[in-house]
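All remarks here apply to the structure that follows.
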Amino acid sequence: AAPSRRYVLCEVVSEDPRCRQCIEDRAVGLAVRDAIGKVHGDYGLACCSISFTVKYLNAYTGTVLLRCRKDSYRLLCSALPFVRQLESRNLRYPCFLNTLHVGGTIRTCQKFLIQYNRRQLLMLLQNCTNEEERQCIQKSLLSCSLTEEQSQSGDEEDDDGTE
Amino acid sequence: RRELPDGGARPSVAQFKQLVVSALRELHGEVGAALPVDVLTYEEKSLSAILRVVSSGLVKLWSALTLLGFYQNRRCAFRVLQTSPFLLALSGNSRELVLD
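Just so you know, the sequences run in chain order D and X. So the working numbering is basically just the index in the first sequence, starting at one, shifted up by 5. So the working numbering is basically just the index in the second sequence, starting at one, shifted up by 11.
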């Protein structure tokens with residue numbers, strides 16, 4: 006039988022805005038593997054690393070999609086709260102990972118992400134303090150359209166102002 | 012029971028427990044090290060001990076002890092002689108019974 010996998014969707018939250026430049030697949034993968042090694046030891050690290058990759062990464066929103074085997078996704082999920090910093094090019098920034106969704110396929114995670122991002126945009130609109138930002142967000146909300154073939158729109162919103 | 016091939020300093024009870032916990036930490040991480048393990052008896056002369064652990068943790072403990080190879084840079088090995096859910100059963104080892 007084909008090995009079934011679980012896809013874990015999480016977001017990187019950091020107080021330091023410079024952390025965003027650190028969000029790349031190798032840095033995140035190493036940080037997660039490191040945390041699994043500390044929490045679950047050699048056995049857990051080997052178990053989770055069998056089919057582990059960072060499938061998707063969005064530095065603007067801090068969204069990360071990880072893939073692992075179905076048998077070891079619990080080890081992975083329980084180790085995610087122990088990721089405390091991201092390191093790349095000898096720069097370290099403190100951060101934490103927020104787990105948003107665990108799904109069996111990339112498609113379910115993508116559907117969830119689209120809905121989640123829509124809700125986030127609406128919340129940002131409510132919390133807007135600046136008229137300018139308000140207009141900016143309203144424009145992007147109105148411009149996002151969902152077509153059947155490509156449901157990519159509405160995923161990316163570049164607004165660090167209200168972080 | 013632990014076997015040390017050369018006669019070196021024998022570990023005390025506390026060092027023995029520390030060794031068990033560090034074996035668990037290496038193989039199973041912080042989760043393994045947090046597994047409640049009790050040393051019920053310990054004989055320094057024969058280096059044997061009776062350990063108590065939750066039954067769900069037996070696999071982790073046994074695998075960690077099996078894969079532990081070094082104590083203070085000396086080779087060592089753990090041999091598990093008997094496991095049982097009842098403490099009274101450990102007083103006699105049925106493997107050593109001889110049929111007349």
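Don't be surprised by glycine CBs; every beta carbon is placed ideally from N, CA and C.
When the Cα of D:I41 is compared with those of D:R112, D:F87 and D:F117, which residue comes out closest?
-> D:F87
What residues of chain X sit near D:Y78, judged by a beta carbon separation below 7 angstroms?
-> Correct list: empty, because the minimum Cβ distance to chain X is about 16 angstroms.
Taking only beta-carbon positions, decide if D:E162 is within less than 7 angstroms of chain X.
-> Since pLDDT at D:E162 reaches only 43, below the 50 mark, its modelled position is unreliable, and the value read off the structure follows with that caveat. D:E162 does not count as touching chain X.
Residue burial classification, D:P22 (beta-carbon count within 10 angstroms, cutoff 16) | exposed
If you drop the 5 nearest sequence neighbours on each side, which residues of the same chain put their C-beta closer than 7 angstroms to that of D:T104?
-> V13, C15, C82 and L85
Report, in whole angstroms, the separation of the C-beta atoms of D:I28 and D:L71, which I expect to be a contact under 8 angstroms.
-> Not really, about 13 angstroms apart at Cβ, beyond 8 angstroms.
Please name the residue, chosen from D:T110, D:Q26 and D:H106, that lies closest to D:Y65 on a Cα-to-Cα basis.
-> D:Q26
Mind checking if D:D39 is an interface residue toward chain X, Cβ cutoff 7 angstroms exclusive?
-> no
Should X:A44 and X:L79 be called a contact, given that it needs their Cβ atoms to be closer than 7 angstroms?
-> no
Is there at least one Cβ from chain X nearer than 7 angstroms to D:A6's Cβ?
-> no
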